[in-house]
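Enquirer: For the sequence shown, this note's numbering assigns the number 136 to the initial residue and increments by one for each residue that follows.
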Amino acid sequence: MKSKPFNCPVEVTIAVAGGKWKPLIIFHLMSGTKRFGELRRLAGNVSQRSLTLQLRELESHGIINRAVFAEVPPRVEYSLTQYGKTLEPVLHAMKNWGDSYVERNGIQCVQLETRDVNLDSSVS
Numbered sequence: 136m137k138s139k140p141f142n143c144p145v146e147v148t149i150a151v152a153g154g155k156w157k158p159l160i161i162f163h164l165m166s167g168t169k170r171f172g173e174l175r176r177l178a179g180n181v182s183q184r185s186l187t188l189q190l191r192e193l194e195s196h197g198i199i200n201r202a203v204f205a206e207v208p209p210r211v212e213y214s215l216t217q218y219g220k221t222l223e224p225v226l227h228a229m230k231n232w233g234d235s236y237v238e239r240n241g242i243q244c245v246q247l248e249t250r251d252v253n254l255d256s257s258v259s
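#1: May I have a chain-ordered list of the alpha helix (DSSP H) segments no shorter than 4 residues that lie completely inside the region 213-248?
#2: Under DSSP, the alpha helix (DSSP H) around Ile199 begins and ends at which residues?
#3: How would you call Trp232, buried or exposed, if buried means at least 16 neighbouring beta carbons within 10 angstroms?
#4: Considering Lys157, what are the terminal residues of the alpha helix (DSSP H) in which it resides?
#5: Less than 8 Å between the beta carbons of Gln189 and Lys157, yes or no?
#6: Do you know offhand how far Ile161's Cα is from Leu215's?
#7: Does the distance from the C-beta atom of Glu212 to that of Ala202 stay below 8 Å?
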């Protein structure tokens with residue numbers, strides 16, 4: 136990360152893992168390795184360019200691994216690094232807060248496939 140002065144650790148967290156797409160990318164990688172097309176489908180209406188940029192940023196911050204396989208056609212897979220996995224409790228908390236907000240406000244939510252992500256487990 137470039138040496139930019141931050142006002143607090145929350146600001147750093149938002150810079151590294153925040154935004155429109157990064158939390159969703161991290162969330163979907165919590166259940167395991169994914170390919171680009173799968174991440175794009177799971178994230179919803181993200182453009183190819185935006186997803187590519189967000190994946191590059193997460194990789195540069197050490198949050199995700201990018202594995203390229205010398206095959207025809209080429210295969211690229213993304214997974215959380217050990218350090219990236221330390222964000223899982225943050226995503227669990229965000230998901231729990233979102234569930235509460237949705238219920239409290241009667242919001243309809245489309246449930247996308249989460250592939251075995253156990254978000255009902257207690258996180259401490």
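Ideal Cβ positions, reconstructed from N, Cα and C, are used throughout, including at glycine.
Expert: If we stick to the structure as given:
#1: Positions of the alpha helix (DSSP H) runs, each at least 4 residues long and wholly inside the region 213-248, are given as 217-220 and 223-240 in order along the chain.
#2: From DSSP, Ile199 is part of no alpha helix (DSSP H) but of the beta strand (DSSP E) over Ile199 to Phe204.
#3: Burial call: exposed.
#4: It spans Lys157 to Leu164 - the alpha helix (DSSP H) in which Lys157 sits, taken as one unbroken run.
#5: Against a cut-off of 8 Å, the Cβ pair of Lys157 and Gln189 comes out as a contact.
#6: Straight-line Cα distance between these residues: approximately 7 Å.
#7: Yes, the pair counts as a contact, with Cβ atoms nearer than the cut-off.
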